[in-house]
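Under my numbering, residues 7 to 415 are what the sequence shown spells out, in order. Backbone N, C-alpha and C define an ideal beta-carbon position, used for all residues, glycine too. Source: prediction; values computed, not measured.
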Amino acid sequence: MLVRAPAPSAITPPPMQKTAFGVIFAISLCHLLNDMMQMLLPAIYPNLASGLGLSLGQIGVVTLVYQVTASILQPVIGLYADRRPAPLALPGGTLFSLAGLLILSGAHSYWMVLAGASLLGVGSSIFHPEASRVARMAAGRRNGLSQSIFQVGGNTGSALGPLAAALVVVRWGQSSLAYFALLALLSCAILWKVGQWYRDHGLARLAHGRKKLEQIAPLKGAARRGIVILLILIFSKYVYLVSLTSYFTFYLIHRFGVSVEGAQLHLFAFLAAVAAGTVIGGPIGDRFGRKNVICVSILGVLPFTLLLPHVDLFWTGALSVVIGLLLASAFPAIVVFAQELVPGKVGMVSGLFFGFAFGISGIGAALLGAVADAYGIDVVYRICAFLPAIGLMAAFLPDLRRHEREAAG
Numbered sequence: 007m008l009v010r011a012p013a014p015s016a017i018t019p020p021p022m023q024k025t026a027f028g029v030i031f032a033i034s035l036c037h038l039l040n041d042m043m044q045m046l047l048p049a050i051y052p053n054l055a056s057g058l059g060l061s062l063g064q065i066g067v068v069t070l071v072y073q074v075t076a077s078i079l080q081p082v083i084g085l086y087a088d089r090r091p092a093p094l095a096l097p098g099g100t101l102f103s104l105a106g107l108l109i110l111s112g113a114h115s116y117w118m119v120l121a122g123a124s125l126l127g128v129g130s131s132i133f134h135p136e137a138s139r140v141a142r143m144a145a146g147r148r149n150g151l152s153q154s155i156f157q158v159g160g161n162t163g164s165a166l167g168p169l170a171a172a173l174v175v176v177r178w179g180q181s182s183l184a185y186f187a188l189l190a191l192l193s194c195a196i197l198w199k200v201g202q203w204y205r206d207h208g209l210a211r212l213a214h215g216r217k218k219l220e221q222i223a224p225l226k227g228a229a230r231r232g233i234v235i236l237l238i239l240i241f242s243k244y245v246y247l248v249s250l251t252s253y254f255t256f257y258l259i260h261r262f263g264v265s266v267e268g269a270q271l272h273l274f275a276f277l278a279a280v281a282a283g284t285v286i287g288g289p290i291g292d293r294f295g296r297k298n299v300i301c302v303s304i305l306g307v308l309p310f311t312l313l314l315p316h317v318d319l320f321w322t323g324a325l326s327v328v329i330g331l332l333l334a335s336a337f338p339a340i341v342v343f344a345q346e347l348v349p350g351k352v353g354m355v356s357g358l359f360f361g362f363a364f365g366i367s368g369i370g371a372a373l374l375g376a377v378a379d380a381y382g383i384d385v386v387y388r389i390c391a392f393l394p395a396i397g398l399m400a401a402f403l404p405d406l407r408r409h410e411r412e413a414a415g
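Following this line, the structure appears as structure tokens:
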């Protein structure tokens, strides 16, 4: 009796659906290097203030120029790349960051500082939407996992940036930024190889995935509503997260009298939980549905944020870890969900969400700092405790799994 062998697709996924882990880890490493380089700018602020005599207002303008170029430009660049894919934009963008670091390392005037900060921001604006697009191309069927691996590279880089600054920039001064240009060259070399894969395989994968998504995508009105809801959820998530990343150490010192070292250890535990949440959020979304992950991650954290301002030191530390783990798991699911709402606009959507997250974090940190100065640090956490309630809006997101079942049926 002859037994028909199963079709090859039943054994292994078709080439278009295989996960290119080598590409994903390469882009995650470059995300680490990119975000670490971006974090070096604030490290030289004391040098700029003493060496160039810059006022706090002028340093604020430097931050503004960087944030405008690093956040507002992202969706614009992403939209342009959607229309005119440019595989070599990734290594090209890294050259902007390299030039920015070199200018900042030797800046002897205010205008040179502004030029260096803007180039650093442009490099980041090019990198994030294009790199997120590559993560999507390489994902196969594991879009959430791919986005998680990509994003945890950025989280790690942001954490390593201040450490690198403490070990090198603080010790050797502003000119030592030039050494970090070597990291930009390393990133450029890796991204050159990624760009070749992008050109030879990635564009075909993206087109294949877009055709599938167009069959299950909701109507334009529902998609627009979904994007607006997701941006509101990003606002809730990142304003709360920045309250901890920026002011948690001050809160612990003020309320519990812990040492600076002890407060830093609590902050490290929180940041480690954020990194872990970023890793697990994507694959859980692949398995159980992104809408479910978004609901649980944001609304589910509400009881813990409400408790945090009213508990002792031990439970404050424990709750901060739970909050970081849950909230961070939302972002990979949000980005992939948004990409699925708007097929064919991966770059624009990625740029919009990365740029908005970056921008709202900066604005939120400034506003919360003003609240802390005016009313006390405790009030910040009592107000922010209610932000996760905005997660109720996740219930109104389109049900993409239902659309997929209807399209298949």
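Practice problem: Note down the Cα distance separating Gly98 from Cys194, rounded to an integer number of angstroms. | Solution: 8 Å
Quiz item: For Arg293, does the three-state DSSP call read helix, strand or coil?
Solution: helix
Quiz item: Quick one: Cα of His272 to Cα of Val327, how far?
Solution: 9 Å
Quiz item: Among the residues of its own chain, which have a CB less than 6 Å from the CB of Val352, if the five just before and after it don't count?
Solution: Arg139, Arg142 and Gln345
Quiz prompt | Sequence-distant residues of its chain with Cβ nearer than 8 Å to Leu305 (five each side left out) | solution = Pro394, Ala395, Gly397, Leu398 and Ala400
Exercise. Taking Arg388 as part of the alpha helix (DSSP H), name the residues at either end of that continuous run.
Key: Ile383 to Cys390
Quiz item: Leaving out the 5 sequence neighbours to the left and right, which residues in its chain are closer than 6 Å to Ala32 when beta-carbon positions are compared?
Solution: Ile196 and Val200
Self-check item: Distance, Val285 Cα to Arg293 Cα
Solution: 14 Å
Practice problem: Inspect the CB distances between the region 42-55 and the region 98-113 and report whether three or more fall short of 8 Å. | Solution: yes
Quiz item: Just the Cα atoms here: how many angstroms apart are Ser61 and Gln270?
Solution: 28 Å
Quiz item: Given that a residue counts as buried once 16 or more other Cβ atoms are within 10 Å of its Cβ, and exposed if not, what is Val434?
Solution: Examination of residue 434 is not possible in this model, given that the chain is present from 7 through 415 alone.
Quiz item: Between which two residues does the alpha helix (DSSP H) carrying Leu46 extend?
Solution: Leu46 to Ala49
Quiz item: Would a C-beta distance cut-off of 7 Å place Gly127 and His37 closer than the cut-off?
Solution: no
Exercise. Classify Pro52 as buried or exposed, calling it buried when 16 or more other Cβ atoms lie within 10 Å of its own Cβ.
Key: exposed
Self-check item: Under 7 Å between C-beta atoms of Gly330 and Ala279
Solution: yes
Practice problem: Give me the Cα-Cα distance between Ala363 and Thr69, rounded to the nearest whole angstrom. | Solution: 16 Å
Quiz item: Do you know offhand how far Ala76's Cα is from Ala144's?
Solution: 25 Å
Quiz item: How is Leu60 classed by DSSP in three states: helix, strand or coil?
Solution: coil
Practice problem: Between the Cα of Ser103 and those of Leu85, Ala378, Phe133 and Leu313, spot the shortest distance and give me the residue it belongs to. | Solution: Phe133
Quiz item: For Phe402, which residues of its own chain have a beta-carbon under 8 Å away from its beta-carbon, when the five flanking residues on both sides are left out?
Solution: Arg231 and Ile235
Quiz item: What three-state label does DSSP hand Asp379 in the structure shown?
Solution: helix
Practice problem: Have a look at Phe343 and Gly146 and give me their C-alpha separation to the nearest angstrom. | Solution: 15 Å
Self-check item: Among Glu267, Val74 and Gly163, the one whose alpha carbon lies nearest that of Asn40
Solution: Gly163
Practice problem: Pick helix, strand or coil for Thr25, following the three-state DSSP scheme. | Solution: coil
Quiz item: Leaving out five residues before and five after Val174 in sequence, what residues of the same chain have Cβ atoms less than 7 Å from its Cβ?
Solution: Ser182 and Tyr185
Quiz item: What do you reckon, are the CB atoms on Ser154 and Gly288 nearer than 7 Å?
Solution: yes
Quiz prompt | Pick from Ala336, Tyr72 and Ile238 that is closest to Gly295, judged by C-alpha positions | solution = Ala336
Exercise. Express the C-alpha separation of Pro338 and Gly368 in angstroms, rounding to a whole number.
Key: 20 Å
Quiz prompt | Simplified DSSP state of Val128, which is helix, strand or coil | solution = helix
Practice problem: Starting from Lys199, follow the alpha helix (DSSP H) in both directions and report where the run begins and ends. | Solution: Ala187 to Trp203
Quiz item: For the region 75-134, which segments carrying the alpha helix (DSSP H) assignment without a break, of at least 4 residues, lie completely within its bounds, in sequence order?
Solution: 79-89 and 95-111
Practice problem: Excluding the 5 residues preceding and the 5 following Ser131 in the sequence, name in chain order all residues of the same chain whose CB lies nearer than 7 Å to its CB. | Solution: Thr75, Ala76, Leu79, Gln80 and Ile83
Quiz item: Is Ile222 helix, strand or coil when you go by DSSP?
Solution: Low confidence applies to Ile222: its pLDDT is 47, below 50, so where it sits in the model is not reliable, and the reading given next is rough at best. Reduced to three states, the DSSP call for Ile222 is helix.
Quiz prompt | Start and end residues, alpha helix (DSSP H) containing Ile329 | solution = Leu319 to Ala334
Exercise. Would you kindly report the start and end of the unbroken alpha helix (DSSP H) that includes Pro309?
Key: Leu308 to Leu313
Quiz item: Using the rule of at least 16 other Cβ atoms within 10 Å of the residue's Cβ for burial, across every protein chain shown, is Gly215 buried or exposed?
Solution: Unreliable placement is indicated for Gly215, whose pLDDT of 49 sits below 50; no coordinate value is reported for it.
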